[in-house]
Amino acid sequence: HSPRRLGREANIIQGEPNYWSIRNALQKGSTTRETLTRELVAAQYMAQDSGALDSAEEFLGTVEFFPEEGKYHLDGHRKCGVRLEPEQTEQLEEKCPVCGRTVTVGVMNRVNQLADRQPDFAPQRRPPFWRMLPLEEIIAQLVGTGSTSKKVQTTYDEVIAKCGPEIPLLCFYPLEDLARHASPAFVEAIRRARSEEVSIKAGYDGEYGTVELFAPGEAARLFGQMGLFELPTIKKKNTTLPSSPTRKKSHARDGACETARQWDGALNDEQREAVEATGGPILVQAGPGTGKTFTLTQRIVRLIREQKVAPSQIVAVTFTRKAAEEMRMRVQHALGPGAAVCWIGTFHQLGLRILELFSREGLCRLPKLILGKDDAWHLFYEALRDCKVKLSSRRAKVVREIAAKAPTPEALNVLDVFDIPVQEVMTRYRRLLHQHDAVEMDDLITLPLELLKQHQNVRSQILSSWKHILVDEFQDVNAAQYELVKLLMNPKGDGFFAIGDPDQAIYGFRGSDRSFFTRLPLEEPSCQLIHLRRNYRSQSNILGAARRVLGRQYSNKALIPTYEGSELVKVVPLTDPAAEARFITRKIESLVGGTSFESVGCGVGHDRNLSFRDFAVLYRLNAVGDALEKVFANSGLPYQRSKRMRPEEEADSLDPRAEAVSLMTIHASKGLEFSVVFIAGCEEGLIPYGILDTIPEMSETIDEECRLLYVAMTRAKHLLYLTRAKKRSVYGSFLSGMPSRFLPRVIDFPFELEGAAGNRGAKHRQAPLQYGLFD
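Quick note on numbering: the sequence shown equals residues 1 to 775 in the UniProt record's numbering.
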């Protein structure tokens with residue numbers, strides 16, 4: 001959004017502007033009074049200037065702008081002029097009453113599905129909730145022009161200069177004070193907005209909704225005779241809002257994924273072998289869409305339900321909190337409400353649990369603080385300053401990473417990085433950690449390792465308590481994590497179960513090493529290797545093209561598709577990133593059924609029963625996502641973009657229930673699936689990213705980039721588009737414009753070359769000399 005659009009929705013917090021004050025206010029809620037009105041909150045807000053503001057933290061309420069103005073609030077079919085409430089949509093079975101085609105389902109429909117109470121239900125001491133019109137729109141309705149006109153912007157700036165920030169002006173500024181600065185027409189408009197005396201026509205199927213303060217011609221009369229005549233009689237409230245919603249059946253489409261099909265516990269033969277296997281270490285190689293998580297959770301359920309293993313004797317480990325929560329939910333669902341569930345958590349949570357066990361024995365002290373990445377960096381910079389070392393943030397990061405990889409503290413004194421005393425800096429850094437009684441996240445793995453090695457008696461107690469260790473995504477473990485699970489494995493390997501797929505190992509940059517997957521059977525002769533081959537996600541053409549891309553790296557047995565595909569993989573060369581983004585947005589519009597004024601005018605559409613959440617746009621770099629997001633923002637298509645965070649947790653920022661297209665990096669897409677997937681930026685320099693063939697050491701990095709594309713392709717269930725731009729600038733540098741070196745492997749498999757206009761091209765089979773693709 002532009003700066004003018006930021007902060008348009010807000011929570012009102014009383015207290016100091018810091019984290020702890022905000023947290024305390026949200027925890028307490030509005031507990032100090034029975035009811036809060038706008039007048040009470042306004043009095044509190046205005047009191048801050050006089051110094052009379054109460055110091056106690058309190059959550060005073062929420063301000064939101066009318067969601068009905070959105071283009072997809074209600075359901076409907078704009079081409080036929082049909083706007084529907086969710087209840088009407090359900091009665092019509094999502095069919096347009098005019099043409100009989102599937103209507104475009106809006107946000108309110110999904111809200112109704114997820115709601116757990118009626119709109120008239122209000123918890124006691126609920127903080128108030130207000131809806132407002134943006135100040136620019138109020139001025140525009142008075143002036144009679146668009147909200148982006150020069151006249152509106154000039155007036156907006158004048159009002160802000162005289163009256164202060166927008167939200168306090170709209171919500172709290174006393175009307176009698178406002179009347180000293182503004183015309184009666186403006187004061188009346190603010191009064192109507194506050195009391196919601198508005199006429200609403202909610203948006204639907206790509207058509208913007210409207211919220212009107214004045215009847216036709218009324219605003220012109222008020223604005224044209226400011227202050228000369230009496231204010232007009234205020235009409236009664238005429239708010240046309242949706243009727244009381246009721247719970248609906250889920251609008252989510254049942255995909256081809258196995259997990260949705262198998263909640264009832266229906267195992268195929270390969271999965272059953274993995275679930276029921278006994279004896280030494282069990283290693284399961286599960287390709288994409290084969291039901292990896294389902295198999296793991298079913299094994300836990302069988303241990304508890306059939307083998308009567310106590311839940312306290314089972315430990316399941318994965319890499320993200322979201323994955324752990326999903327696993328816990330599935331186990332709880334299978335065992336039934338109230339049933340005891342085993343411990344399920346991340347590697348770092350497991351390390352902390354081990355530290356707690358050693359702490360009870362008096363062998364270690366639990367840290368008070370566990371520093372995240374940002375906090376650890378702040379402390380490292382402090383160590384640099386204490387050692388009188390001046391480095392740029394980029395060089396400091398290099399020093400930190402090199403020092404972290406040193407095998408022993410003594411090895412630091414031989415490091416020569418930017419001519420600085422690395423050992424002195426790291427010694428100071430460790431002292432600062434000790435002073436703050438803090439540890440880094442990675443210390444939650446290394447410290448338990450040291451303790452387990454030093455105290456065999458405690459390790460033996462842990463092994464006797466934890467009979468079964470289950471590890472998810474085993475291909476992503478690093479050296480310390482591999483050593484930790486080996487120490488938690490009993491000498492015979494009984495009860496150890498790991499599942500993963502080396503072909504989907506994409507986290508080498510953070511230290512993960514897929515060779516541990518193949519190393520375990522070599523180190524444990526009794527290890528049983530089981531393959532899951534039945535794919536329940538992607539149609540056959542997508543699986544075949546993905547396997548071709550992986551080439552010699554393909555380590556799994558050939559996946560068996562459950563669904564034969566009629567749609568080929570589409571390869572789309574385009575001129576530049578803007579054209580690439582426009583192609584993607586227009587293709588989504590046509591597949592959903594046409595949502596923009598342009599698509600309606602052109603008559604594009606499609607009979608597929610797809611909604612916006614069935615689409616994902618994947619990219620290697622966030623710079624590519626930035627260019628895509630600009631076009632998506634202008635297109636009016638609902639979308640959500642993953643936040644910039646740790647790659648393995650990036651997808652946690654996306655709401656799978658949102659009726660919106662998902663924009664995310666390929667790393668964030670791991671473990672997800674969508675009916676239609678676009679992979680943008682299939683070019684040299686992006687996929688693979690910045691690789692030099694002349695460096696022999698880069699071979700493994702190139703292989704990982706290839707696996708990254710494989711992971712991206714296997715997110716698609718029905719349709720897959722590979723797009724590229726013939727010219728692109730990334731971080732100020734121009735790329736060669738050459739297609740990714742992996743694309744020719746797609747051409748070795750039946751594919752479809754599609755033009756920028758979105759028209760189908762000829763189908764090609766085994767045509768490596770189709771030079772038009774690489775011009």
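No residue lacks a Cβ here, since even glycine has one placed at the ideal position from N, Cα and C. On a predicted model such as this, the values are computed, not experimentally measured, just so you know.
- Rounded to whole angstroms, the separation of the alpha carbons of Arg400 and Pro281 is 36 angstroms.
- Looking only at Met441, Leu26, Asn490, Asn609, the smallest Cα-Cα distance to Phe319 is reached by Met441.
- Per DSSP, the unbroken alpha helix (DSSP H) holding Ser669 starts and ends at 666-669.
- Contact check for Val661 and Tyr689: beta-carbon distance about 24 angstroms, past the 8 angstroms limit, so the pair fails to qualify.
- Annotated as distal: Val317 and Arg299, with beta-carbon spacing of 7 angstroms or more.
- One alpha carbon belongs to Met132, the other to Ala323, and they sit about 38 angstroms apart.
- Under the DSSP assignment, His531 falls in the beta strand (DSSP E) whose first and last residues are 528-532.
- Bounds of the beta strand (DSSP E) holding Thr318 are 314-318.
- Residue pairing by DSSP puts Lys570 in a beta bridge opposite Tyr721, Glu752.
- DSSP, reduced to helix, strand and coil, places Gln27 within a helical segment of the structure shown.
- Residue burial annotation: Glu523 is exposed, with fewer than 16 other C-beta atoms found within 10 angstroms of its C-beta.
- Rounded to the nearest whole angstrom, the C-alpha separation of Arg328 and Arg353 is 17 angstroms.
- By the neighbour-count definition (other C-beta atoms within 10 Å, threshold 16), Arg715 is a buried residue.
- In this structure, Tyr721 lies away from Phe674, with their beta-carbon atoms at least 7 angstroms apart.
- With a cut-off of 8 angstroms on Cβ pairs, the segment 536-546 is in contact with the segment 563-573, counting three or more such pairs.
- In this structure, Val315 sits away from Ile445, with a CB-CB distance that is not shorter than 7 angstroms.
- Using a Cβ distance threshold of 7 angstroms, Leu708 and Ile584 do not count as a contacting pair.
- Within its own chain, the residues whose Cβ lies closer than 6 angstroms to the Cβ of Ile530, once the five positions on either side in sequence are excluded, are Glu273, Ala274, Val284, listed in chain order.
- Per the Cβ contact rule, the segment 425-441 is in contact with the segment 369-377 (3 or more Cβ pairs under 8 angstroms).
- Note on Cys342: 16 or more other CB atoms within 10 angstroms of its CB, so buried under the neighbour-count rule.
- Taking a C-beta distance under 7 angstroms as the contact criterion, Arg728 and Pro577 qualify as a contact pair.
- Here the alpha carbons of Ala179 and Lys162 stand approximately 12 angstroms from one another.
- Where Ile300 is concerned, there is no enclosing beta strand (DSSP E), although the alpha helix (DSSP H) around it starts and stops at 292-305.
- For Thr154, the secondary structure class from DSSP, reduced to helix, strand or coil, is helix.
- By the 16-neighbour rule on beta-carbons within 10 angstroms, Pro337 is exposed.
- When the alpha-carbon of Thr562 is set against those of Pro573, Asn535, Val730, the nearest one is in Asn535.
- According to the DSSP assignment, Gly625 belongs to the alpha helix (DSSP H) that extends over 622-635.
- Counting the other CB atoms within 10 Å of its CB gives Leu366 a total below 16, which places it among the exposed residues.
- Following the DSSP letters along the chain, one finds Gly544 inside the alpha helix (DSSP H) bounded by residues 540-550.
- Linking Glu188 to Gln141 through their CA atoms gives a straight-line distance of about 12 angstroms.
- A straight line joining the alpha-carbon of Phe612 with that of Leu663 spans about 12 angstroms.
- Within the segment 342-374, the complete beta strand (DSSP E) segments of 3 residues or longer fall at 343-346, 369-371, listed in chain order.
- Distance between Phe517 and Ile499, taken at the CA atoms: about 9 angstroms.
- Residue pairing from DSSP places Thr62 in a beta bridge opposite Asn11, Phe129.
- By alpha-carbon distance to Cys527, the top candidate from Lys292, Tyr482, Pro288, Gly493 is Gly493.
- Segment contact: the segment 448-458 against the segment 297-312, fewer than three CB-CB distances shorter than 8 angstroms; contact not assigned.
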